[in-house]
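Here the sequence shown stands for residues 14 to 265, numbered as in our numbering.
Cβ coordinates follow ideal geometry from the N, Cα and C atoms, glycine included.
Worksheet for the structure shown next.
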Amino acid sequence: MTGLDQLAVLLAGVGAGVMTSTVGVASLLSFPVLLAVGLPPVTANASNTVGLTPGAVSGSFGYRAELRTHLGITAMVVATCAIGAAAGAALLLTLPADLFEAVAPWLILTTCVIVGVQPPLNRWLRRRHTEMVDRTSASPLTMAFSLLVGVYGGYFGAGSGVMMMAVLGLGLDIDFRIINGLKTLAVLASNLVASVIFLARADLDWRAVALLAAGSIIGGYAGARLGRRLPPALLRTVIVVVGVIAATTMLL
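As structure tokens, this is what we get:
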């Protein structure tokens, strides 16, 4: 990578850290940048997961009080997402690289749709939880969908936080603030497990990993402050535009 390439990756890490604290789809910003600087898709995906893990750690630490509220649900989220991520990471490394290159654009476009519907989804979930009932244990169906989100997180990951918020919001009746914390923890669990596997078996670009890690730590800290000032609609629009351009480029 040239000096400008490295600066672009560092800035992508900062932006991804900010997105973790705001929109929640960090990989949809950083992954296309890694592709743009010349990394092969599988290497870019694995390096992206490892590099953004520090940002997920700091985000989960910020929700530590919420995560202690329902320890059983917290344990379920960690267990299902960790198991699912192990399977997803194994699929990424075992299946042909050409398959990932073929499906990645469609995964990106799907994530763009998810980002687009996130505001009404969040509003609906908030309304749903204004009158909560005593449903604070995860059903087998909720655990199954949580496992599938973990698989997706280990294989690709972009938008997995939004998916987990929907799963927990539909399957449980707990405070929305706690769901947001559990969503962040789910991303951390998936990233940690996938990162361990990628460190052992994947072809990583260590410069990209280091630059993303440094940037995501800075962005994660700044995101809590900056996210309060920037219009969420602007951030979401930027993410969707970047994602559509990246997916179109890969398809062509």
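Problem set entry | Collapsed DSSP secondary structure at Leu217 in the structure displayed | Note: Leu217 maps to coil in three-state DSSP.
Exercise. Which whole-angstrom value is the C-beta distance of Val22 and Val46, which I expect to be below 8 Å?
Worked result: 6 Å
Exercise. Run through DSSP, which three-state label would Arg136 get?
Worked result: helix
For this session: Let me know the secondary structure DSSP gives Leu108 once reduced to three states.
Result: Here Leu108 sits in coil by DSSP.
Exercise. Nearest-angstrom Cα distance between Ala95 and Leu80?
Worked result: So the two alpha carbons sit approximately 16 Å from each other.
Exercise. Should the region 101-110 be regarded as contacting the region 179-197, the criterion being three or more beta carbon pairs within less than 8 Å?
Worked result: no
Problem set entry | Segment contact, 8 Å Cβ cut-off, at least three pairs: the region 180-199 with the region 85-99 | yes
Exercise. Is there contact here, the region 114-122 with the region 223-231, by at least three beta-carbon pairs under 8 Å?
Worked result: no
Exercise. Roughly how many angstroms lie between the CA atoms of Leu84 and Ala151, to the nearest whole one?
Worked result: 12 Å
Problem set entry | Reference Ser203; option with closest CA among Gly228, Thr56 and Leu161 | Taking Ser203 as reference, the option from Gly228, Thr56 and Leu161 with the minimal CA-CA separation is Leu161.
Problem set entry | Same chain only: Cβ atoms within 7 Å of Ala99, ignoring 5 sequence neighbours per side | For Ala99, where only same-chain residues beyond five positions count, the Cβ hits under 7 Å are Gly167, Val206 and Ile210.
Exercise. Hey, how far is the Cα of Gly51 from the Cα of Met263?
Worked result: 12 Å
Exercise. Any idea what DSSP makes of Arg190, helix, strand or coil?
Worked result: helix
Exercise. Quick one, which of Ile231, Ile230, Thr87 and Phe189 has its alpha-carbon nearest Trp137's?
Worked result: Phe189
Exercise. Are the beta-carbon atoms belonging to Thr66 and Gly170 less than 8 Å from one another?
Worked result: no
Problem set entry | Chain-order list of residues whose beta-carbon lies under 8 Å from that of Ala29 (same chain, five-residue window excluded) | The answer, listed in chain order, is Ala39, Ser40, Leu42, Ser43, Leu65, Gly68, Leu225, Gly228, Ser229 and Gly232.
For this session: Entirely within the region 57-131 and at least 4 residues each: give me those alpha helix (DSSP H) ranges in chain order.
Result: 77-80 and 84-107
Exercise. Quick one: is Pro118 buried, meaning 16 or more other Cβ sit within 10 Å of its Cβ, or exposed?
Worked result: buried
Exercise. Near Ile191, what residues of its chain come up, given a Cβ to Cβ distance below 6 Å and the 5 sequence neighbours on each side ignored?
Worked result: Glu79 and Thr82
Exercise. For the alpha helix (DSSP H) that Gly163 lies in, which residues bound it at each end?
Worked result: Pro153 to Tyr168
For this session: Compute the distance between the beta-carbons of Asp216 and Thr87, then report whether it is under 8 Å.
Result: no
Exercise. Rounded to a whole number of angstroms, what is the C-alpha to C-alpha distance between Thr260 and Ala115?
Worked result: The identity of residue 260 in the sequence shown is Ala, whereas the question assumes Thr. Rounded to the nearest angstrom, the two C-alpha atoms are 10 Å apart.
Problem set entry | Collapsed DSSP secondary structure at Ala171 in the structure displayed | coil
Exercise. Per DSSP, what kind of secondary structure is Ser150 in: helix, strand or coil?
Worked result: coil
For this session: Under the assumption that Gly194 contacts Thr155 (Cβ atoms under 8 Å), give the Cβ distance between them as a whole number of angstroms.
Result: With 8 Å as the limit, Gly194 and Thr155 do not qualify as a contact, their Cβ atoms being about 17 Å apart.
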